[in-house]
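Asks: Sharing a structure here in structure tokens format.
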Amino acid sequence: METTVVCRGVSKIYRQDTVAVPALTDIDLEIPKLDFVCLSGPSGSGKSTLLNLIGGLDAPTAGEIEVDGQRVDKMEKGALADLRLRKIGFVFQAYNLIPVLTARENVEFVMQLQGVGAEERTRKARKILKEVGIEELENRRPGELSGGQQQRVAVARAIVSEPSLVLADEPTANLDSKTAENLMQLLRHMNREHGVTFVFSTHDKLVMEFSRRLITLRDGRIVDDVRRD
Amino acid sequence: MAITLRLAWRNLWRNPRRTWFTASAIAFITVLLIFIITLQMGAFDMMLDTSLRVFTGQMQIQREGYLDKPQMRVTVARAQNLAGSLRRATGLPGIAVRANGFALAASGTRSYGVPVVGVEPAHESAVSTIPRLIRQGRYLANDTAQELVVGAVLARNLKIKVGDELTLLGAGMDGSVAATVLPVVGLFESGSPELDRHLVEMPLQTFQEVFSMGQEAHALVISGPSLERMAATQVLVRQHMPQDPALVLLDWEKLLPGVKQVMQADIIEHWFLYIVLILVVTFSILNTFLMSVLERTREFGIMLALGATPLGIGRLVLLESTLLTLLGLAIGIVLGGGIALYFNYYGFTFKGMQELYSQFGFAGVITPKITFVNVMTGPAVIFAFTVAAALYPAWRIRRLRIVEAMHAVH
Ligand SMILES: Nc1ncnc2c1ncn2[C@@H]1O[C@H](COP(=O)(O)OP(=O)(O)OP(=O)(O)O)[C@@H](O)[C@H]1O
Ligand SMILES: [Mg+2]
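Sequence lines, in order, name chains A and B. Numbered by our numbering, the letters in the first sequence go through residues 6 to 234 in order. Numbered by our numbering, the letters in the second sequence go through residues 8 to 417 in order.
Okay, here's the thing in structure tokens:
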């Protein structure tokens, strides 16, 4: 089976003034294509750090990280930006969207960076917004959308150019449980229909239930890794 | 591109008050610069027009070398014939012949060395205001009249009045003694202290006899219909001038080099002030730009995470400040241009200026000079400064670390 993400001996140590804060220690991890992985663990256990390293937002202190066979830890900034643009989608906890752009423009923004022509952009954005169920809200700005609707737009934006991998750091943290459940159903749907690998983090038991694989972190180490399907 | 432009434009209006404040500051300085520059250029034109119309004329035809070393024998031959045919060929009425000499002017008890100028009374008023500014008596009657007009101050210094005789003693063109005694028929007050204190005018033919000059003279003084058409007048005259390499057509910059220097010094002095003003505004704008970038650190972090490059975001920020500057400039150009147009139509004057100038036959009203260069120079310099200022915040974005940026409070 193809693997989308490989981590070998990954460590991350933050330097705060003179103190070294180890956030991740010696992580070995393989995530096969099409997986739907949940990172869980207490606050400060390293979930966000791991997602950031995989997404090339930050560099590991030691170890190797591959995404789609490319060594993320060795890439320079420009190549990393390009990898994020074409291969990786992101959904963050909140305030994901560019506030002055409408829902559809937010989705189109990424495609514009990719150099997709205007017509195709609009067509694809409409299609994906329909798929996440907010096509009638496409001309609203983020401030005029509920938290759940905003996260749906963020998901639409992450998925629209069919990346290999979507990383979502606590995508449901600001949502009530009903809305969170709906969003997770949407992510599962995207995972199946678009063949996109998902890695997300959460504190929420209910959200963990949706995963096919549940990885538990504690103090920067993987302490549990169970397949659930 | 469309989204970037929309993004930049809408970002401007996230904080409308700040945007309006900044745009107003830019507009204000733009208005100021357009107004002052067009007014200054208008004032220069008025000053130039005034000084040319009193005596010098817009241009002169002289014998080559006379300007640098005004020797009496460096003449224009058959000057009156030449002037007549030039008048016919060009259709310009403002062409008059002059001959210049130097004499000791003596009245009963006093004597002064003075320039004496032979003029054509029939044509002189078309190139000089002096014939119309006779305060006492009258102007010279005709080319052969045996009489003089002198500056009012000179008359006072010589203690003479209209009707008195003045003795002139000088050297003729051939080196002979030139001496005559002529009655003073008029006193002029031109407004130029220099002329009023020194100048003596007499009819051209009388001059030619006294100074043994035959048919010769020193200059054809030429004034076109207006200062605006001076360049066209010059071309016209040059076309019809005899193809004689010994004759040169001199423009005002050659005739009055000091005036040009004064103007240039004045322009440079003003620009020092403008630059200081522009710098003050630029720094306040820089501050605005910096704030608007700092506030959006988190947003930029997200854009970077999505795959935008620091260069792309820098360009966005630059585009925003360019739009903002253009907005301010547009308002400033409309308002400043409007104000300049208003005064262009109604004229601009200081208290007292009009009274002072009107004594000497001038309107004393400055007309702002509206040309593309005069209007756009200020805005262009402001644009250059503000865009340069916007480079700094745009450049700072290169230093953004994505993860830290995304955790920024704003
Ligand atoms: N920029 C940073 N500088 C210093 N230390 C950091 C930084 N970011 C994270 N850390 C530390 O690294 C460790 C892991 O943090 P991380 O944010 O990955 O945890 P998390 O599992 O995402 O926590 P939470 O559930 O609260 O989001 C923590 O001890 C945290 O204090
Ligand atoms: Mg976290």
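No residue lacks a Cβ here, since even glycine has one placed at the ideal position from N, Cα and C.
Mind checking methionine 209 (chain B): buried by the 16 CB within 10 Å criterion, or exposed?
Replies: On the second sequence, position 202 is the one that residue 209 (chain B) refers to. With 16 or more Cβ atoms within 10 Å of its Cβ, methionine 209 (chain B) is classed as buried.
Asks: Suppose you measure from the CA of alanine 185 (chain B) to the CA of leucine 202 (chain B); what does that come to, to the nearest Å?
Replies: By one-based count along the second sequence, residue 185 (chain B) stands at place 178. By one-based count along the second sequence, residue 202 (chain B) stands at place 195. Answer to the nearest angstrom: the Cα atoms are 22 Å apart.
Asks: List, in order along the chain, the chain B residues whose C-beta lies closer than 8 Å to that of isoleucine 103 (chain A)?
Replies: The residue you call residue 103 (chain A) lines up with position 98 of the first sequence. Those within 8 Å of isoleucine 103 (chain A) in chain B are Leu14, Glu306, Ile309 and Met310.
Asks: Secondary structure at serine 118 (chain B), three-state DSSP: helix, strand or coil?
Replies: Here residue 118 (chain B) refers to the residue found at position 111 of the second sequence. The answer is strand: DSSP assigns serine 118 (chain B) an E or B state.
Asks: State the Cα-Cα distance for the pair valine 410 (chain B) and methionine 310 (chain B), rounded to the nearest angstrom.
Replies: By 1-based counting over the second sequence, the position of residue 410 (chain B) is 403. By 1-based counting over the second sequence, the position of residue 310 (chain B) is 303. Straight-line Cα distance between these residues: approximately 12 Å.
Asks: What are the partner residues of aspartate 174 (chain A), as DSSP defines its beta bridges?
Replies: For the purposes of this step, residue 174 (chain A) is taken as the residue at position 169 of the first sequence. Bridge partners of aspartate 174 (chain A): A:Ser206.
Asks: Nearer than 7 Å: is that true of the beta carbon of lysine 52 (chain A) relative to any heavy atom of ligand 2?
Replies: Start at 1 with the first residue of the first sequence, and residue 52 (chain A) comes out as number 47. At least one heavy atom of ligand 2 falls within 7 Å of the beta-carbon of lysine 52 (chain A).
Asks: Isoleucine 139 (chain A) by DSSP, collapsed to three states: which one?
Replies: Sequence index remark: in the first sequence, residue 139 (chain A) carries index 134 (1-based). Coil, per DSSP.
Asks: Restricting to Cα atoms, I'd like to know which of A:Ala28, A:Ile93, A:Val72 and A:Ala64 is closest to glycine 314 (chain B).
Replies: Here residue 314 (chain B) corresponds to residue number 307 of the second sequence, with the count starting at 1. Selected option, being the one with the closest Cα: A:Ile93.
Asks: Quick check: does the Cβ of aspartate 174 (chain A) come within less than 7 Å of any heavy atom belonging to ligand 2?
Replies: Within the first sequence, numbered from 1, the residue matching residue 174 (chain A) stands at position 169. Within the cutoff, so yes.
Asks: Find out if the Cβ-Cβ distance for the pair lysine 267 (chain B), leucine 74 (chain B) is shorter than 8 Å.
Replies: Position 260 of the second sequence, counted from the first residue, corresponds to residue 267 (chain B). Position 67 of the second sequence, counted from the first residue, corresponds to residue 74 (chain B). No, they are not a contact pair.
Asks: Please name the residues in the region 379-411 of chain B whose beta-carbon is closer than 7 Å to at least one beta-carbon of chain A, in chain order.
Replies: Ile409 and Val410
Asks: If you measure between the beta carbons of threonine 30 (chain A) and arginine 226 (chain A), is that distance less than 8 Å?
Replies: Position 25 of the first sequence, counted from the first residue, corresponds to residue 30 (chain A). Position 221 of the first sequence, counted from the first residue, corresponds to residue 226 (chain A). Yes, they are a contact pair.
Asks: Which complete alpha helix (DSSP H) runs does the region 156-197 of chain B hold, if anything under 4 residues is left out?
Replies: Those alpha helix (DSSP H) runs which fall completely within the region 156-197 of chain B and span 4+ residues are 159-165.
Asks: With a threshold of 7 Å (Cβ to nearest heavy atom), would glycine 61 (chain A) be considered close to ligand 1?
Replies: The sequence position of residue 61 (chain A) within the first sequence is 56, counting from 1. It does not: the Cβ of glycine 61 (chain A) is nowhere closer than 7 Å to a heavy atom of ligand 1.
Asks: Report back the beta-carbon spacing between glycine 193 (chain B) and isoleucine 141 (chain B) to the nearest angstrom; my notes put them in contact at under 8 Å.
Replies: For the purposes of this step, residue 193 (chain B) is taken as residue 186 along the second sequence, with counting starting at 1. For the purposes of this step, residue 141 (chain B) is taken as residue 134 along the second sequence, with counting starting at 1. Right, their Cβ atoms sit about 4 Å apart.
Asks: Within the same chain, show all residues whose beta-carbon is closer than 6 Å to that of alanine 67 (chain A), passing over the 5 residues directly before and after it, in chain order.
Replies: As a working mapping, residue 67 (chain A) is identified with position 62 in the first sequence. Hits under 6 Å: Ser16.
Asks: Starting from methionine 79 (chain B) and walking both ways along the beta strand (DSSP E), at which residues does that stretch end?
Replies: Here residue 79 (chain B) corresponds to residue number 72 of the second sequence, with the count starting at 1. For methionine 79 (chain B), no beta strand (DSSP E) encloses it, and the DSSP letter there is neither H nor E.
Asks: How about glycine 314 (chain B): is its Cβ closer than 7 Å to a heavy atom in ligand 1?
Replies: Along the second sequence, read from residue 1 onward, the residue named residue 314 (chain B) stands at position 307. When distances are taken from the beta-carbon of glycine 314 (chain B) to the heavy atoms of ligand 1, even the shortest one reaches 7 Å or more.
Asks: Whole angstroms is fine: what's the gap from serine 169 (chain A)'s alpha carbon to glycine 200 (chain A)'s?
Replies: In the first sequence, counting from the first residue as 1, residue 169 (chain A) sits at position 164. In the first sequence, counting from the first residue as 1, residue 200 (chain A) sits at position 195. In this model, serine 169 (chain A) and glycine 200 (chain A) are separated by some 8 Å (Cα to Cα).
Asks: Roughly how many angstroms separate the alpha carbons of alanine 396 (chain B) and threonine 295 (chain B), rounded to a whole number?
Replies: The count along the second sequence starts at 1 and reaches residue 396 (chain B) at position 389. The count along the second sequence starts at 1 and reaches residue 295 (chain B) at position 288. For alanine 396 (chain B) and threonine 295 (chain B), the distance between alpha carbons rounds to 10 Å.
Asks: Assuming alanine 106 (chain B) contacts histidine 205 (chain B) (C-beta within less than 8 Å), just tell me the rounded distance between them.
Replies: What you label residue 106 (chain B) is simply residue 99 of the second sequence in a count that begins at 1. What you label residue 205 (chain B) is simply residue 198 of the second sequence in a count that begins at 1. Contact flag wrong, Cβ pair sits at about 17 Å.
Asks: May I have the straight-line CA-CA distance separating alanine 130 (chain A) from valine 105 (chain A), to the nearest angstrom?
Replies: Position 125 of the first sequence, counted from the first residue, corresponds to residue 130 (chain A). Position 100 of the first sequence, counted from the first residue, corresponds to residue 105 (chain A). Roughly 17 Å separates the two Cα atoms.
Asks: Under three-state DSSP, which class holds tyrosine 100 (chain A)?
Replies: Numbered from 1 along the first sequence, position 95 holds the residue referred to as residue 100 (chain A). Three-state DSSP puts tyrosine 100 (chain A) in coil, outside helix and strand.
Asks: CB of glycine 49 (chain A) to nearest heavy atom of ligand 4: below 7 Å?
Replies: Among the ligands in the structure shown, ligand 4 does not appear; only ligand 1 and ligand 2 can be found there.
Asks: Could you give the residue range of the beta strand (DSSP E) that holds glycine 14 (chain A)?
Replies: In the first sequence, the residue the question calls residue 14 (chain A) occupies position 9. Residues 8-21.
Asks: Could you please tell me which residues of the region 45-74 of chain A, in chain order, have their CB closer than 8 Å to any CB of chain B?
Replies: Asn57, Gly60, Leu62 and Asp63
Asks: What do you get for glycine 158 (chain B), buried or exposed, if any count of 16 or more other CB atoms within 10 angstroms of its CB means buried?
Replies: Along the second sequence, read from residue 1 onward, the residue named residue 158 (chain B) stands at position 151. Glycine 158 (chain B) counts as buried, since at least 16 other C-beta atoms from the protein chains shown sit within 10 angstroms of its C-beta.
Asks: Grab me the residues of glycine 61 (chain A)'s own chain with a C-beta within less than 7 Å of its C-beta, minus the 5 sequence neighbours each way, in chain order.
Replies: As a working note, residue 61 (chain A) is residue 56 in the first sequence. Correct list, in chain order: Val77, Met80, Leu85, Leu88 and Arg89.
Asks: Does the region 30-42 of chain B come close enough to the region 134-150 of chain A that 3 or more CB-CB pairs lie under 8 Å?
Replies: no
Asks: Go ahead and label alanine 239 (chain B) buried or exposed: buried means 16 or more other beta carbons lie within 10 angstroms of its beta carbon, across all protein chains shown.
Replies: To locate residue 239 (chain B), count along the second sequence from 1; it is residue 232. With fewer than 16 other Cβ atoms within 10 Å, it is exposed.
Asks: For arginine 146 (chain A), name the three-state secondary structure that DSSP assigns.
Replies: In the first sequence, the residue the question calls residue 146 (chain A) occupies position 141. It is coil, neither helix nor strand.
Asks: Ends of the alpha helix (DSSP H) at glutamate 113 (chain A)?
Replies: The sequence position of residue 113 (chain A) within the first sequence is 108, counting from 1. Glutamate 113 (chain A) -> alpha helix (DSSP H) spans 108-119.
Asks: Residues in the same chain with beta-carbon distance under 7 Å from serine 182 (chain A), minus the five sequence neighbours each way, listed in chain order, please.
Replies: Position 177 of the first sequence, counted from the first residue, corresponds to residue 182 (chain A). Scanning its chain for C-beta atoms nearer than 7 Å, with the 5 sequence neighbours on each side dropped, one finds around serine 182 (chain A) the residues Leu211, in chain order.
Asks: Quick check: is the beta carbon of histidine 417 (chain B) nearer than 8 Å to any beta carbon in chain A?
Replies: What you label residue 417 (chain B) is simply residue 410 of the second sequence in a count that begins at 1. Unreliable positioning characterises histidine 417 (chain B) in this predicted model, as indicated by a pLDDT of 48, which lies under 50. The coordinate reading is nonetheless provided below. No, histidine 417 (chain B) does not count as interfacial toward chain A.
Asks: Can you tell me where the alpha helix (DSSP H) with valine 77 (chain A) in it begins and where it stops?
Replies: By 1-based counting over the first sequence, the position of residue 77 (chain A) is 72. Here valine 77 (chain A) belongs to no alpha helix (DSSP H), and DSSP marks it neither H nor E.
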